[in-house]
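J.: Residue numbers (our numbering), protein chains in the order written: chain B, 348 to 567; chain F, 20 to 34. Quick reminder that beta carbons are idealized off the backbone N, C-alpha and C, glycines included. These figures come from a predicted structure and were not determined experimentally.
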Amino acid sequence: SHLLLVEPDKIYAMADPTAPENDVKVLTTLCDLVDRELVVIINWAKHVPGFSALSLGDQMGLLQSAWMEVLILGLVFRSLPYEEGLVYADNLVLEREQCRVVGLLDLYCTILQLITKYRKLQLDKEEFVTLKAMALANSDSMSIENVEAIQNLQDLLHEALQDYETNQHLADPHRSGKLLMTLPLLRQTANKAIQSFRRVVTEGKVPMHKLFLEMLEAKA
Amino acid sequence: KEKHKILHRLLQDST
Chain B
348 SHLLLVEPDK
358 IYAMADPTAP
368 ENDVKVLTTL
378 CDLVDRELVV
388 IINWAKHVPG
398 FSALSLGDQM
408 GLLQSAWMEV
418 LILGLVFRSL
428 PYEEGLVYAD
438 NLVLEREQCR
448 VVGLLDLYCT
458 ILQLITKYRK
468 LQLDKEEFVT
478 LKAMALANSD
488 SMSIENVEAI
498 QNLQDLLHEA
508 LQDYETNQHL
518 ADPHRSGKLL
528 MTLPLLRQTA
538 NKAIQSFRRV
548 VTEGKVPMHK
558 LFLEMLEAKA
Chain F
20 KEKHKILHRL
30 LQDST
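#1: So what's Val449(B) in DSSP terms, helix, strand or just coil?
#2: Under a CB-based cut-off of 8 Å, is Gln406(B) close to chain F?
#3: Output yes if chain F places a C-beta closer than 8 Å to the C-beta of Val386(B); else output no.
#4: Give me whichever residues DSSP pairs with Leu439(B) in a beta bridge.
#5: Leaving out five residues on either side along the sequence, give the residues of the same chain with a beta carbon under 8 Å from the beta carbon of Leu503(B).
#6: Residues of the stretch 556-567 of chain B in Cβ contact with chain F at a cutoff of 8 Å, in chain order, please.
#7: Quick one: residues in its chain with C-beta nearer than 6 Å to the C-beta of Lys464(B), no 5 flanking neighbours on either side, listed in chain order?
#8: Met489(B) lies in the alpha helix (DSSP H); which residues open and close that run?
#9: Of the residues Thr375(B), Asp356(B) and Ile358(B), which one's Cα is nearest the Cα of Pro364(B)?
#10: Less than 8 Å separating the beta-carbons of Leu385(B) and Tyr435(B)?
#11: Just tell me which of Leu527(B), Gly450(B) and Ala496(B) has its CA closest to the CA of Leu461(B).
#12: In whole angstroms, what separates the C-alpha of Asn485(B) from that of Lys479(B)?
#13: Quick check on Met489(B): buried or exposed, where buried means 16 or more other Cβ atoms within 10 Å of its Cβ?
#14: Given a threshold of 16 other Cβ atoms within 10 Å of its Cβ, counted over all protein chains shown, does Cys456(B) qualify as buried or as exposed?
#15: Using beta carbons (cut-off 8 Å, strictly below), is Leu410(B) in contact with chain F?
#16: Answer yes or no: does any C-beta atom of chain F fall closer than 8 Å to that of Ile419(B)?
#17: In chain F, what lies closer than 9 Å to Leu533(B) by C-beta?
#18: Please decide whether Ile389(B) counts as near chain F, where near means a Cβ-Cβ distance under 8 Å.
#19: Among residues of its own chain, excluding the 5 on either side of Leu560(B), which ones have a beta-carbon nearer than 8 Å to its beta-carbon?
#20: Consult DSSP for Asn369(B) and reduce its assignment to one of helix, strand or coil.
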């Protein structure tokens, strides 16, 4: 219930109305949205129980490893009710063809696989917020100082998920396992997304904001 | 931490 309360408000894409309609405009709008979403994710992380008690170094380590997983899980959850397309924001829904044109078709297909999985499971909001916090706590950062504190955080979240499933999804005793088994695909998808956006940086056609660049570099 | 100064600043920002 705490995670539900601290769930951030929606953010919207802010396309430049004067820019010509082309692939660069779509990518520019997308990268600007991701940059603003990163600020939202960093502020959200502070409200995950136990996170703010970690050292600043460990907070940075977790976020630098997990930010793209958190971002993608949000994207996937928003996209669940839609037939097709990735709901980056309510006013920025990218369908297959648009993803192909901007060079993100491969990423689109992987994210779609994740969406299909969660759609079959009928992932609900409580599970979504818990998995998102788990992705943060389970980020396997190489630079963790206090391993025990991170383990406690993971245990706390695992317990919350187990409690929830025991009370709300009695009919399927394997449900929490099914949910946890989606996390490898989430990581794989996030890694692919990082590669895709690094390619966008290398191509140099799209202006990138500083925080987005900093987080892309931190994943190296 | 120098290299990741925006993240560092946002985490320290209490607002």
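T.: Quick look at the numbers:
#1: Numbered from its first residue, the first sequence carries residue 449(B) at position 102. The three-state secondary structure of Val449(B), taken from DSSP, is coil.
#2: Here residue 406(B) refers to the residue found at position 59 of the first sequence. At least one chain F Cβ lies under 8 Å of Gln406(B).
#3: What you label residue 386(B) is simply residue 39 of the first sequence in a count that begins at 1. Residue contact check for Val386(B) against chain F: a CB pair falls below 8 Å.
#4: Translated into positions along the first sequence, residue 439(B) becomes position 92. Beta-bridge pairing links Leu439(B) to Ala436(B).
#5: Against the first sequence, residue 503(B) aligns to sequence position 156. Listed in chain order, the non-local C-beta contacts of Leu503(B) below 8 Å within the same chain comprise Pro396 and Gly397, local neighbours out to five positions each way being set aside.
#6: Listed by position, the residues of the stretch 556-567 of chain B near chain F (Cβ gap below 8 Å) are Lys557, Leu558, Glu561, Met562, Glu564 and Ala565.
#7: Position 117 of the first sequence, counting from 1, holds the residue named residue 464(B). So the list reads Thr529, once near-sequence residues are dropped.
#8: Here residue 489(B) refers to the residue found at position 142 when the first sequence is read from its first residue. Where Met489(B) is concerned, there is no enclosing alpha helix (DSSP H), given that its DSSP letter is neither H nor E.
#9: For this step, residue 364(B) is matched to residue 17 along the first sequence. Out of Thr375(B), Asp356(B) and Ile358(B), the CA that lies nearest to the CA of Pro364(B) is found in Thr375(B).
#10: As a working mapping, residue 385(B) is identified with position 38 in the first sequence. As a working mapping, residue 435(B) is identified with position 88 in the first sequence. No. Outside cutoff.
#11: As a first step, residue 461(B) must be located in the first sequence, where it is residue number 114. Of Leu527(B), Gly450(B) and Ala496(B), the smallest CA-CA separation from Leu461(B) is found for Leu527(B).
#12: By 1-based counting over the first sequence, the position of residue 485(B) is 138. By 1-based counting over the first sequence, the position of residue 479(B) is 132. Straight-line Cα distance between these residues: approximately 10 Å.
#13: Taking the first sequence and counting its residues from 1, the one referred to as residue 489(B) is at position 142. Counting Cβ neighbours within 10 Å, Met489(B) comes out exposed, since fewer than 16 surround it.
#14: Here residue 456(B) refers to the residue found at position 109 of the first sequence. Here Cys456(B) is exposed, its C-beta having fewer than 16 other C-beta atoms within 10 Å.
#15: To locate residue 410(B), count along the first sequence from 1; it is residue 63. Cβ-Cβ to chain F under 8 Å: yes for Leu410(B).
#16: On the first sequence, position 72 is the one that residue 419(B) refers to. Answer no: the Cβ-Cβ gap between Ile419(B) and chain F never drops below 8 Å.
#17: Sequence index remark: in the first sequence, residue 533(B) carries index 186 (1-based). One finds nothing in chain F with a Cβ atom closer than 9 Å to the Cβ of Leu533(B); even the nearest lies about 21 Å away.
#18: Here residue 389(B) is taken as the residue at index 42 of the first sequence, counted from 1. True, the Cβ-Cβ gap to chain F drops below 8 Å.
#19: Mapped onto the first sequence, residue 560(B) falls at position 213. Taken in chain order, the residues that qualify are Val548.
#20: Taking the first sequence and counting its residues from 1, one reaches residue 369(B) at position 22. In the three-state reduction of the DSSP assignment, Asn369(B) falls in the coil class.
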